[in-house]
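Colleague: So that we are looking at the same thing, I have put the structure below in structure tokens.
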Amino acid sequence: MDRLTSLGVFVAAVEEGSLAAAARRFGLSPAMAGKHVTEIEARLNARLLQRTTRRLSLTDAGQTYYERSKQILEAFAEANRAVSDSQASVRGVLRVAAPVTFGAMHLGDVIARYVRDHPQVNVEVDLGDRYVDLLDAGIDVAIRIGRLDDPALVTRRIAPCRMIVCASPGYIERHGAPRTPDHLLGAPRLVFSEAVSAGDWTLFDADNRTYVIDGPARISANNTQMLLSAALAGAGIAYGPSFVFGEHVRRGELVALLPDYRATELLIQAVLPGARGIPLKVRRFVDYLAEAFGDEPPWDTGTRPWQAANRQP
């Protein structure tokens, strides 16, 4: 008998709860399904399943064998998919959702490379900072920033989202640079209003003590590019992601403040509406995102001084 089929029948019997159901999955007779499992047990000289007229249950050896068999079958399926993908063409319409600022600043180059390499795909991009239901909106993949708790969604880490406290050299010349988080209290703060805790900025010292800076904002906006412009013009102190502010820190147009403290680090993730039947066009696009950004994304290049100070140990 084919050993891979025998593994599949065994795993199906465990998952379906009966050999008859496993037989239906593989188009076999119940007797033939039983022979597949019996042959595995004979080859191993171990009982894997306890059979009664009402139910099947795993022995201890069967539990171990089931877990390893499932891994083998999943690896085999992935190998087949990888080879099939390499021979398949990517086509159709790819619908992408992303936050406004991140999408406007960083997705254009990635999408340009993607459509250049896959000329049979058209891409529709929906930029917005509000949460949307992927299935209801017909979205293939969304870029989301933060920590997600929805178990129904499939996520893949794309890049870190490191936060910076910064201000313009002109602001610092007029008001001085804060030396501790307490010095931010009462300072003119530039606040992103769509954050989960819009008014609260959280910092940690070397001993992992937490400092929360809250209170009224001098400028509050639902777009970080607008806050970037205000910070560059010297309007106040900004707290925001390095994918917005990092390049300007590197060029010296902004100064990273409080280097002895680190800010919260979030995740930039690709989010899919489900794990089953993910189209090739989606899997390829997510690969492009991961390759373009990664653990050291381009917007952090050359900003090592603040990056080292603000990363968690």
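Take the sequence shown: its position 219, counting from 1, is numbered 269 in my numbering, and each next residue is one higher. Cβ atoms here follow ideal geometry from the backbone N, Cα and C, with glycine treated the same way. Computed from a predicted structure; not experimentally measured.
1. Identify whether residue 107 lies in helix, strand or coil by the three-state DSSP scheme.
2. Counting beta carbon pairs with one atom in the stretch 329–339 and one in the stretch 278–285, are three or more of them shorter than 8 Å?
3. Can you give me the C-alpha to C-alpha distance between residue 153 and residue 187, rounded to a whole angstrom?
4. Near residue 210, which residues of its chain fall below 6 Å by C-beta distance, leaving aside the five closest residues on each side in sequence?
5. In three-state DSSP terms, what is residue 205?
6. Leaving out the 5 sequence neighbours to the left and right, which residues in its chain are closer than 6 Å to residue 255 when beta-carbon positions are compared?
7. Pick from 190, 337, 251, 191: whose alpha carbon is nearest that of residue 163?
8. Does residue 56 pass the burial test, meaning 16 or more other C-beta atoms within 10 Å, or should it be called exposed?
9. Give me the Cβ distance between residue 7 and residue 98, rounded to the nearest whole Å; I'm assuming they're in contact under 8 Å.
10. If the criterion is Cβ atoms closer than 8 Å, does the pair residue 321 and residue 144 meet it?
11. Taking only three categories from DSSP, how would you classify residue 300?
12. What three-state label does DSSP hand residue 214 in the structure shown?
13. In whole angstroms, what is the alpha-carbon distance linking residue 84 and residue 170?
14. Check residue 248 in the structure and name its three-state DSSP category.
15. State the Cα-Cα distance for the pair residue 232 and residue 268, rounded to the nearest angstrom.
16. Is it buried or exposed for residue 260, if we count other Cβ within 10 angstroms and need 16 for buried?
17. For residue 262, which residues in the same chain have their Cβ closer than 6 Å to its Cβ, ignoring the five residues on either side in sequence?
18. Can you check which of these residues, 80, 212, 243, 121, is closest to residue 351 by C-alpha distance?
19. Between 295, 160, 302, which has its C-alpha nearest residue 344's C-alpha?
20. Looking only at DSSP bridge pairs, what is residue 345 linked to?
21. Can you tell me whether residue 231 is helix, strand or coil according to DSSP?
22. Between which two residues does the alpha helix (DSSP H) harbouring residue 262 extend?
23. Kindly list the residues whose CB is nearer than 6 Å to the CB of residue 342, restricted to its own chain and excluding five residues on each side of it in sequence; keep chain order.
24. Would residue 242 and residue 271 be called neighbours here (beta carbons separated by less than 8 Å)?
25. Assign residue 105 to one of two classes, buried (16 or more other C-beta atoms within 10 Å of its C-beta) or exposed (fewer than that).
26. Return the chain-ordered list of same chain residues with a C-beta closer than 7 Å to the C-beta of residue 120, the five sequence neighbours on each side being excluded.
27. Determine the closest residue to residue 92 out of 76, 112, 313, 223, with distance taken between C-alpha atoms.
28. Please work out which residues of its chain come closer than 6 Å, Cβ to Cβ, to residue 196, disregarding the five sequence neighbours upstream and downstream, and give them in chain order.
29. If you drop the 5 nearest sequence neighbours on each side, which residues of the same chain put their C-beta closer than 7 Å to that of residue 222?
30. Just the Cα atoms here: how many angstroms apart are residue 58 and residue 80?
31. Note down the Cα distance separating residue 191 from residue 313, rounded to an integer number of angstroms.
32. CA-CA distance, residue 75 and residue 208?
Modeller: In short, the structure shows the following:
1. Reduced to three states, the DSSP call for residue 107 is strand.
2. Cβ pair count under 8 Å is below three, so no.
3. Roughly 18 Å separates the two Cα atoms.
4. Same-chain partners within the cutoff: 315.
5. Annotated three-state conformation of residue 205 is strand, per DSSP.
6. So the qualifying residues of the chain are 311.
7. Relative to the Cα of residue 163, the nearest Cα in the group 190, 337, 251, 191 belongs to 337.
8. Residue 56 comes out buried.
9. Not covered by the structure: residue 7. The range shown for the chain is 51 to 363.
10. In this structure, residue 144 does not lie closer than 8 Å to residue 321 by Cβ.
11. In this structure, residue 300 counts as helix in the three-state DSSP scheme.
12. The answer is strand: DSSP assigns residue 214 an E or B state.
13. Approximately 47 Å between the Cα atoms of the pair.
14. Note that residue 248 scores a pLDDT of 47, beneath 50, so its modelled location is shaky; the value from the coordinates is reported in the next line. In the structure shown, residue 248 sits in coil (DSSP, three-state: anything other than H, G, I, E or B).
15. Computed Cα separation, rounded: 17 Å.
16. Exposed: under 16 other Cβ atoms inside 10 Å.
17. Non-local C-beta neighbours of residue 262 in its own chain, meaning closer than 6 Å and more than five positions away in sequence, comprise 250, 252, ordered along the chain.
18. Here the closest residue by C-alpha is 212.
19. For the residues 295, 160, 302, the minimum Cα distance to residue 344 belongs to 160.
20. None, per the DSSP bridge assignment.
21. If DSSP states are grouped into helix, strand and coil, residue 231 belongs with the helices.
22. Bounds of any alpha helix (DSSP H) do not take in residue 262; it lies within the beta strand (DSSP E) bounded by 260–263.
23. Around residue 342: 160.
24. Yes, the Cβ-Cβ distance between residue 242 and residue 271 is below 8 Å.
25. So residue 105 counts as exposed.
26. Leaving aside the five residues that flank residue 120 on each side, the residues in its chain whose CB is nearer than 7 Å to its CB run, in chain order, 61.
27. Of 76, 112, 313, 223, the residue nearest in Cα terms is 112.
28. Around residue 196: 316.
29. 305, listed in sequence order.
30. In this structure, the straight-line span from the alpha carbon of residue 58 to that of residue 80 is close to 14 Å.
31. Approximately 28 Å between the Cα atoms of the pair.
32. Rounded to the nearest whole angstrom, the CA to CA distance from residue 75 to residue 208 is 37 Å.
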